[in-house]
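Visitor: Shown below is the structure under consideration.
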Amino acid sequence: MHNYRRGEQLLAVALTVLAGFVDSVGFLYLGGVFLSFMSGNTTRFATAAVEGDTHLARLAGSCLILFLVGVIWGALIHRLTRRRYDLTRAREVVLFTVAGLFVLSSLLVAVGVERAALLVLSVGIGALNSVFERDGEVSIPLTYMTGTLVKMGQRLVDAFFGGSHARWIHHL
């Protein structure tokens, strides 16, 4: 994240907090299924399938598929926008798309279709991952922390062996 301007870093932090909040709401409402933590949903899907809990398996599987749809949609929007405009504009278009999905989710809640609203949020959270994309790769992970924690741990070890003592902080 150290290659980004201060405003971009703050945006990344805000979007990560938003993703965590949305994931928490989904987890509580859906009874242990996540909207952005797909490693958790993979585990939930597999254990539910083995235990014969078809309802939970379908729900976790739906979140996995819809998150992937969101990732594909966000990456496609980012790539198509970048062909015509600059990186900042592509980021804005992805953010407007995510905002539109969140508004749709709110409308679904208003008409009493809460479960569908949460599934739409999963698409939005998937698309959110394309906000910070460079050369077709996610440069700042917003909805998953495993890679970030691995990089932070590696930079701490680098510091123990004479490397920069501050590089690990960028992964916080």
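Heads up: the sequence shown at position 9 corresponds to 12 in the working numbering, and the numbers run straight through without jumps.
Beta carbons: idealized from backbone N, C-alpha and C, even for Gly.
Quick caveat: nothing in here was measured; it's all calculated off a predicted structure.
If we call anything under 8 Å between Cβ atoms a contact, is leucine 33 one with leucine 110?
Guide: no
Visitor: Specify, as a first and last residue, the run of the alpha helix (DSSP H) that aspartate 74 falls within.
Guide: Residue identity differs from the one stated: residue 74 is valine in this sequence, not aspartate. First-last of the alpha helix (DSSP H) with valine 74: 57-87.
Visitor: Let me check understanding here. Comparing Cα to Cα, which of Val72, Arg8, Ser65, Leu104 lies closest to valine 36?
Guide: When Val72, Arg8, Ser65, Leu104 are compared, the shortest CA-CA separation from valine 36 is found for Ser65.
Visitor: Taking 7 Å as the limit between beta carbons, can you name the residues of its chain near valine 97, skipping five residues before and five after?
Guide: Gly77, Ile80, His81, Ala130, Ser133, Val134
Visitor: Alpha carbons only, please: which of Arg86, Thr146, Ile172 is nearest the one belonging to threonine 19?
Guide: Thr146
Visitor: Could you tell me the boundaries of the alpha helix (DSSP H) in which leucine 110 lies?
Guide: 90-113
Visitor: Can you tell me which of the three DSSP states arginine 8 falls into?
Guide: coil
Visitor: In the DSSP assignment, what residue or residues form a beta bridge with glutamate 117?
Guide: The partner list for glutamate 117 (beta bridge, DSSP) is empty, contrary to what the question assumes.
Visitor: Put valine 141 into one of helix, strand or coil per three-state DSSP.
Guide: strand
Visitor: Taking the CB atoms as reference points, tell me whether leucine 62 and methionine 41 lie closer together than 8 Å.
Guide: no
Visitor: Kindly indicate the opening and closing residues of the alpha helix (DSSP H) around arginine 47.
Guide: 41-54
Visitor: Would you decide whether serine 167 is buried or exposed? Buried here means 16 or more other CB atoms lie within 10 Å of its CB.
Guide: exposed
Visitor: Only counting the same chain, and skipping five residues up and downstream in sequence, which positions put a Cβ closer than 7 Å to that of glycine 73?
Guide: Once the five neighbours on either side are set aside, the close Cβ partners of glycine 73 are Ser125, Val126, Gly127, Ile128, Gly129, Ala130.
Visitor: Please tell me whether threonine 84 and arginine 92 are closer than 8 Å, where the distance is taken between their beta carbons.
Guide: yes
Visitor: Do you know how far the Cα of isoleucine 143 is from the Cα of alanine 22?
Guide: Spanning the two alpha carbons is a distance of roughly 13 Å.
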